[in-house]
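For this note's numbering, add 1 to where a residue sits in the sequence shown, where the first one is 1.
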Amino acid sequence: MGALVAVCDHLTALIEANKTVAASPDFPITQVFYGDQEQISSSVVVCIDPGEKTASTVYGSRKVEYDLTHFIMVYARTQGSVQSNRRLCDVVSEHVEDLINADPKLGGLVIQSHVSNVRPGYTQRSNSIIRSTRLTITSTITAILPQLGG
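As structure tokens, then:
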């Protein structure tokens with residue numbers, strides 16, 4: 002299994018295991034998905050989507066350092082006001098950010114990782130505009146490139 006998939010699986014399991022948000026226990030994360038979703042039917046949904054994998058450094062020994070990017074989308078859809086949806090999305094996003102930053106090696110899968118960007122906004126899903134926040138997670142791994150005839 003590749004690094005993008007392994008890290009995405011780890012992030013999915015980490016968030017799945019920590020669905021209750023201390024600052025908002027009445028609105029836990031109701032669903033966690035691998036990959037973004039077109040239909041958002043629950044009140045709080047988190048989607049983990051793999052992004053880019055770039056080789057940033059190659060050493061003489063065929064050792065490569067990769068930078069991985071993953072995106073986590075938090076969607077908040079309640080019957081409350083625009084302000085309550087915004088606050089809920091912010092609270093859940095900070096909860097997810099804290100979970101990831103507290104596990105910088107992502108269970109030993111990476112050398113280091115952190116949330117490098119939090120971008121609040123709105124998105125269209127399920128034929129309506131809903132509150133969303135996109136977190137960008139940046140990770141670093143190293144690997145040895147394969148070599149034929151070696």
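Backbone N, C-alpha and C fix where the C-beta goes; we use that ideal spot for every residue, glycine too.
Quick caveat: nothing in here was measured; it's all calculated off a predicted structure.
Scanning Tyr-76, Val-65, Thr-139, Phe-34 for the CA closest to the CA of Tyr-123 turns up Tyr-76. DSSP places Asn-19 in the coil class of the three-state scheme, outside both helix and strand.
The C-beta distance from Leu-136 to Val-116 rounds to 5 Å, short enough to meet the 8 Å contact threshold.
For Gln-113, the CB contacts under 6 Å within the same chain, skipping 5 residues up- and downstream, are Pro-105, Thr-141 in chain order. For Val-59, the secondary structure class from DSSP, reduced to helix, strand or coil, is strand. By the Cβ neighbour-count rule, Met-74 is buried, with 16 or more other Cβ atoms within 10 Å of its own. Nearest to Arg-132 by alpha-carbon distance, out of Ala-24, Tyr-67, Ser-43, Gly-52, is Ser-43. With contacts defined by Cβ atoms closer than 9 Å, Ile-138 and His-71 form a contacting pair. Residue range 83 to 102 is occupied by the alpha helix (DSSP H) that includes Gln-84. With respect to the C-alpha of Ala-23, the residue from Leu-89, Asn-128, Gln-80, Thr-55 having the closest C-alpha is Leu-89. The straight-line gap separating the alpha-carbon atoms of Asp-27 and Thr-79 is approximately 11 Å.
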